[in-house]
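These notes are about the structure you will find just below.
There are 2 protein chains.
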Amino acid sequence: MREATQDAVSRVDEDRLWRRHLEMAEIGAIPGNGVNRAAFSSEDIAARKRLIAWARSRGFSVSVDDIGNLFVRRSGLDARAAPVMTGSHMDSQPRGGRFDGIYGVLAGLEALEAIDAAGAKTQRPIELVAWSNEEGGRFAPCTMGSAVFSGARPLAEFLNVRDNEGVVLRDALRTTLAATPDAAPHAFATPVAAYVEAHIEQGPRLETEGKTIGVVTGIQGLRWFDVEVFGESAHAGTTPLNVRRDALCEAIAIINALHALTRDGDDALRFTVGRMLVTPNSPNSVASHVLFSVDLRHPDPATIGRLGDAVEPTVRGAVRQCDVKVTPTLRDDPCMFDSGVADAIEQAAAGLGIASMRMPSGASHDAMYLARVCPTGMIFVPCERGVSHNEAENAKPEDLAAGARVLTATLMELANR
Amino acid sequence: MREATQDAVSRVDEDRLWRRHLEMAEIGAIPGNGVNRAAFSSEDIAARKRLIAWARSRGFSVSVDDIGNLFVRRSGLDARAAPVMTGSHMDSQPRGGRFDGIYGVLAGLEALEAIDAAGAKTQRPIELVAWSNEEGGRFAPCTMGSAVFSGARPLAEFLNVRDNEGVVLRDALRTTLAATPDAAPHAFATPVAAYVEAHIEQGPRLETEGKTIGVVTGIQGLRWFDVEVFGESAHAGTTPLNVRRDALCEAIAIINALHALTRDGDDALRFTVGRMLVTPNSPNSVASHVLFSVDLRHPDPATIGRLGDAVEPTVRGAVRQCDVKVTPTLRDDPCMFDSGVADAIEQAAAGLGIASMRMPSGASHDAMYLARVCPTGMIFVPCERGVSHNEAENAKPEDLAAGARVLTATLMELANR
Numbered sequence: 000m001r002e003a004t005q006d007a008v009s010r011v012d013e014d015r016l017w018r019r020h021l022e023m024a025e026i027g028a029i030p031g032n033g034v035n036r037a038a039f040s041s042e043d044i045a046a047r048k049r050l051i052a053w054a055r056s057r058g059f060s061v062s063v064d065d066i067g068n069l070f071v072r073r074s075g076l077d078a079r080a081a082p083v084m085t086g087s088h089m090d091s092q093p094r095g096g097r098f099d100g101i102y103g104v105l106a107g108l109e110a111l112e113a114i115d116a117a118g119a120k121t122q123r124p125i126e127l128v129a130w131s132n133e134e135g136g137r138f139a140p141c142t143m144g145s146a147v148f149s150g151a152r153p154l155a156e157f158l159n160v161r162d163n164e165g166v167v168l169r170d171a172l173r174t175t176l177a178a179t180p181d182a183a184p185h186a187f188a189t190p191v192a193a194y195v196e197a198h199i200e201q202g203p204r205l206e207t208e209g210k211t212i213g214v215v216t217g218i219q220g221l222r223w224f225d226v227e228v229f230g231e232s233a234h235a236g237t238t239p240l241n242v243r244r245d246a247l248c249e250a251i252a253i254i255n256a257l258h259a260l261t262r263d264g265d266d267a268l269r270f271t272v273g274r275m276l277v278t279p280n281s282p283n284s285v286a287s288h289v290l291f292s293v294d295l296r297h298p299d300p301a302t303i304g305r306l307g308d309a310v311e312p313t314v315r316g317a318v319r320q321c322d323v324k325v326t327p328t329l330r331d332d333p334c335m336f337d338s339g340v341a342d343a344i345e346q347a348a349a350g351l352g353i354a355s356m357r358m359p360s361g362a363s364h365d366a367m368y369l370a371r372v373c374p375t376g377m378i379f380v381p382c383e384r385g386v387s388h389n390e391a392e393n394a395k396p397e398d399l400a401a402g403a404r405v406l407t408a409t410l411m412e413l414a415n416r
Numbered sequence: 000m001r002e003a004t005q006d007a008v009s010r011v012d013e014d015r016l017w018r019r020h021l022e023m024a025e026i027g028a029i030p031g032n033g034v035n036r037a038a039f040s041s042e043d044i045a046a047r048k049r050l051i052a053w054a055r056s057r058g059f060s061v062s063v064d065d066i067g068n069l070f071v072r073r074s075g076l077d078a079r080a081a082p083v084m085t086g087s088h089m090d091s092q093p094r095g096g097r098f099d100g101i102y103g104v105l106a107g108l109e110a111l112e113a114i115d116a117a118g119a120k121t122q123r124p125i126e127l128v129a130w131s132n133e134e135g136g137r138f139a140p141c142t143m144g145s146a147v148f149s150g151a152r153p154l155a156e157f158l159n160v161r162d163n164e165g166v167v168l169r170d171a172l173r174t175t176l177a178a179t180p181d182a183a184p185h186a187f188a189t190p191v192a193a194y195v196e197a198h199i200e201q202g203p204r205l206e207t208e209g210k211t212i213g214v215v216t217g218i219q220g221l222r223w224f225d226v227e228v229f230g231e232s233a234h235a236g237t238t239p240l241n242v243r244r245d246a247l248c249e250a251i252a253i254i255n256a257l258h259a260l261t262r263d264g265d266d267a268l269r270f271t272v273g274r275m276l277v278t279p280n281s282p283n284s285v286a287s288h289v290l291f292s293v294d295l296r297h298p299d300p301a302t303i304g305r306l307g308d309a310v311e312p313t314v315r316g317a318v319r320q321c322d323v324k325v326t327p328t329l330r331d332d333p334c335m336f337d338s339g340v341a342d343a344i345e346q347a348a349a350g351l352g353i354a355s356m357r358m359p360s361g362a363s364h365d366a367m368y369l370a371r372v373c374p375t376g377m378i379f380v381p382c383e384r385g386v387s388h389n390e391a392e393n394a395k396p397e398d399l400a401a402g403a404r405v406l407t408a409t410l411m412e413l414a415n416r
C-alpha cells in the first residue's frame, strides 16, 4: 500500500464517525434507538443541512441535482477528469435503524476528510453523494435518486407520485431543494469513473463467518410470484380427505415442491414464502382459496432464470384436485459488479490486515443503477445478527471504522488509476 | 314388516314433504337458494308458527319447554309410557341451506302424519321435537336446546349469552316463547324411550357409494388445537436459509409431520388445517409468527385419543429453529349410538328395499345429547356432493321421502317395543 494511502487511512477517526452516526440518529429519532427519516421530509432536510455543514467546514464544494441527490466534492489534480464517487442515502424506513444508508454517506465523508487531512493528492476528484429516496417508504418506488441520475428513469416519471398523506413528490422536492439554496446545481448523468458504496450488510453472514468486510460481487436477481390455489370449502368433520379439494393442503404440497426445487447446498439461494391468505380461514372448514407469495433470489443470472422459470411448472406438477394460478409480480435481473473494483476493495482490506470475504448483496442498493454507467462495487460491514429495517439495527464502531478505512484506501486507489 | 307399519309407510307423501321444505325455505330465504334462519329470530318464530299450524291441523298436541324446544305429540295407547322421540332443528347457519336440520323436523312430521293417516296405534306416544339453537351461529354454543333438555347443561348458563348485535339470549328467547302462547309447557329431562333423528349427511359418502340411507353408528370424536410457531422476522433477500427462524416454513414442516401422523388408509380419519394466520405476512419478510388450527376427528375413542395425544409431541418433534405452543381448544369424545336403534333403522330400510350403509357422523347433532339419556340413532340421507352449511346445499325429493319412510317404520317399531 502506498504511503499516501496509508497516511490517509490512518486519519480515519473512529470516534468522529461514530459520533456523527449518533448525531444523525437524533434527526427523526423514534423509540427503541430507531430512526424515521422519510425522503424529502423536514428530517431529510435537517440531515442534508448537517451534512453540508460538515462538508463546508472542511472546504469541500457542495452541489445538488434536480431530484435532490446531494454531492460533496474534493477536487483532484485533473479538474476535468470524471470523479470517483462514493455514497449511499440518508432517508430511512418508517421504522428504520441508525445505520442503513447513512453509514455509506458518513463513511464517504470520513474518507474525504481523512484523505484531505493527509493532504493527499488524487488524480481524479472524489465525490460523495447522498442519493435521494433510496427507501421508497414515503414515495414509491425505491432507489429513485440513483435511477434518475443514471438515466435509467426520467425525473418526470416520479414528480406526480403522492405519499400516503396526498403530498405530491414535486412539492416535497421543491421544498427540499429550496432549503439548501447555497448548493450549486449538479447535472444528471455526469460521467463517473467508478462508484463504491459502503453499507451495513443487512444480513448475518459477515458476523457468522467472523469477517469485517464484505466485498460485494453484485446484487442478486429477484423473481416474485403470487400463487393462488382454488379449492372448495367443505365441512371438516364430514368430508373424507380423498374427495376434498383442500386449497391449504395443496398449497402446502406446492410449497414442499418449491422447497425441493430450490434446495441449495451452498445456501446462496433465497426462497421465501412470507405471505399467505386463507379463505374462509375457519378451523372446521376446508380452505376454498389460498394465496401465497414466492420470493426467489440468487446472484447468478442462469440460476435465477432457470429456477424462476421452473416455478410455474413446479406449482402445476404439485397440484392434485385444485386449480392454480401463478402470477409473476416482480423481476429484477442480477447485477454483477465490476471485478476491478472488487479487486481494489479486496486488496485494500488485505493491505490493512482486515478480514474480508466476497459475497453478493441480498438487498437492492443505489449501486445497482450506478453499475449501469460505471465500474461499481460495494463494501459491506457487519450489523448485529443481520437485523435491519428495524429499530434494533445495530453495528459496532470498530467495524464501521474498518469499513471507512477500506473505503478510503479503495478511493485513493481508484482516484489515481 | 308388519302390515300397520307398511300401511303407515305407504302414507308418506313425497310431494308434501318436498313442498314443505320449499315453504320453510321461504322463511329467511337468501339469494342462491339459501336460508338464514337464526335461532330465536323473527324467522325462527315464523317457522315455529308454521310447524305448529301443520301439527294442529292434524290434531297433534303442541308444547314448548323453557329453552324453546318445541314438541309435537301423537298419543300412544299407554299415555304414561315415555315417548319415542324424533326431530332435529329449524335454525340455520347464517348462509345455510334448505335441508340442514329442517329435514329432520319435516321428516318427523311426515312420519307422524303418515302413521296418523294409517290410523296406526302405537304403544308409546311419538313426539316430534324441534330443538332450539342447534347451529349456534347467532348465540354460541351450538346444540343448546338438546344440551339443556338432556340435563347436560343448565339453562341459566346460556341466558346471558349475547349475539353480535348485543341482544341477550334471555330477551330473544322470551320474545320467541311469547310468540306461541298456545303451546303447553313441557318440562326438561322428561323420560324418552328412544330418539331417532333424520338429517342430510352433510358429506358425500352416501352419494359416492350409491346408498340412500346412512345408519349412523355414532358421532365421531373431535380434538381441536391451536398451534403457534414463534420465529423471527428477517429480510428475505439477505438472510441465509440456514440462520432463519422462519415461522411459516416450520409451520409447514409441522403440518407435514401431522399429515404423516394421521395418514389413514381407511379414510375414516378427518385431519384439517383450515385456519392460518401469518405475521407480518409480507412477501419479502420471513414470518415471525404463525398460528394454525388442527381439527382431528375419528369415530373410535382409542384412535382419536391416541392421535389427539400425539399432536403436541409431533409438533415438537417437527420444529427446528422456532418455538412452539400447542393449545387444546375443544375435545368431544366419540358418541356411540345404541345398536338396537341402529338395527331397527337398518331392518326398516331392508324391509323397504332401500339400500343402506352403516357410517359414523362427521358432524355434531342434537342426537349427541339425547344419546346420554336414551337409546339413540340417526338416519342420514344423501345431499348433493356433500355440500352443506352453504346456500348450494341440495337434496333429492325421493331421497328425502325414502328417509321419511325408513323413519316412519323405525318409529313404529320402537313405539311398539
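Listed in order, the protein sequences are those of chains A and B. Numbers 0 to 416, taken from numbering that gives the first Met the number 0, label the letters of the first sequence in order. Numbers 0 to 416, taken from numbering that gives the first Met the number 0, label the letters of the second sequence in order. Glycine included, C-beta positions come from ideal geometry on N, C-alpha and C. What you are looking at is a predicted structure, and each value in this text was computed from that prediction instead of being measured.
- Distance from the CA atom of T238(A) to the CA atom of G202(B), rounded to whole angstroms, is 5 angstroms.
- Along the stretch 273-291 of chain B, the positions whose C-beta sits under 7 angstroms from a C-beta of chain A are G273, R274, M275, V277, N280, S281, P282, N283, S284, V285 and A286, read in chain order.
- Counting the other CB atoms within 10 Å of its CB gives R243(A) a total of 16 or more, which places it among the buried residues.
- Around the beta carbon of R305(A), fewer than 16 other beta carbons sit within 10 angstroms, so the residue counts as exposed.
- Proximity of L369(A) to chain B, defined by a Cβ-Cβ separation below 7 angstroms, is not satisfied.
- Contact note: E200(A) reaches chain B through T237, using a C-beta cutoff of 9 angstroms and chain order.
- About 6 angstroms separates the Cβ atoms of L221(A) and L329(A), confirming a contact at the 8 angstroms cut-off.
- At the C-beta level, A46(B) and M89(B) come within 7 angstroms of one another.
- With a contact defined as Cβ atoms closer than 8 angstroms, I212(A) and V380(A) qualify at about 7 angstroms.
- Taking a beta-carbon distance threshold of 7 angstroms, P359(B) does not count as an interface residue toward chain A.
- Here G31(B) is near E390(B), since their CB atoms are less than 7 angstroms apart.
- With distances taken between CA atoms, V147(A) lies nearest to D365(A) out of D365(A), S62(A) and E397(A).
- In the DSSP assignment, T302(A) forms no beta bridge with any residue.
- A distance below 8 angstroms between beta-carbons, with the five flanking residues on each side excluded, links S355(A) to the following residues of its chain, in chain order: K210, T211, I212, G213, V214, I344, E345, A348, A349 and V405.
- About 16 angstroms separates the Cβ atoms of D265(A) and P300(A), ruling out a contact at the 8 angstroms cut-off.
- Residue state for V104(B) is assigned as helix, using DSSP reduced to three classes.
- The continuous stretches of beta strand (DSSP E) do not include A233(B), and DSSP gives it neither H nor E.
- Residues V160 of the same chain have their beta carbon placed closer than 7 angstroms to that of A139(A), with the five preceding and five following residues left out of the count.
- Put simply, the backbone Cα of G236(B) is about 60 angstroms away from that of A129(B).
- With contacts defined as CB atoms closer than 7 angstroms, V285(A) and A233(A) qualify as a contacting pair.
- Interface annotation for the stretch 184-212 of chain A against chain B: E200, Q201, G202, P203, R204 and T207, criterion Cβ-Cβ distance under 9 angstroms.
- Here the C-alpha atom of C382(B) lies approximately 53 angstroms from the C-alpha atom of D162(A).
- Residue contact with chain B for G230(A): absent (no Cβ-Cβ distance below 7 angstroms to any residue of chain B).
- Counting the other CB atoms within 10 Å of its CB gives T326(B) a total below 16, which places it among the exposed residues.
- Against D294(B), the close residues of chain A are A235, P282 and N283, in the order they occur along the chain (beta-carbon pairs closer than 7 angstroms).
- Contact between the stretch 87-105 of chain B and the stretch 392-405 of chain A is absent: fewer than 3 CB-CB pairs across the two stretches fall below 8 angstroms.
- Of the residues assessed, L268(A) falls on the buried side of the cut-off, its CB having 16 or more other CB atoms within 10 angstroms.
- Within chain B, no C-beta atom comes less than 8 angstroms from the C-beta of R244(A); the nearest is roughly 11 angstroms away.
- Around G103(B), no beta-carbon contact reaches into chain A at under 8 angstroms, the shortest distance being about 16 angstroms.
- Counting along the chain, P396(B) sits inside the alpha helix (DSSP H) bounded by residues P396 to A414.
- Any Cβ of chain A closer than 7 angstroms to the Cβ of T271(B) would place that residue at the interface, and such an atom is present.
- Contact between G86(B) and G103(B) holds: their C-beta atoms lie close to 6 angstroms from each other, under 8 angstroms.
- Listed in chain order, the positions of the stretch 377-397 of chain B with a beta carbon within less than 8 angstroms of a beta carbon of chain A are G385, V386, S387, H388 and N389.
- The C-beta of N241(B) comes closer than 7 angstroms to at least one C-beta of chain A.
- For A362(A), a Cβ of chain B is located within less than 7 angstroms of the residue's own Cβ.
- Fully contained in the stretch 337-362 of chain A are the following beta strand (DSSP E) runs of length 3 or more, in chain order: 355-360.
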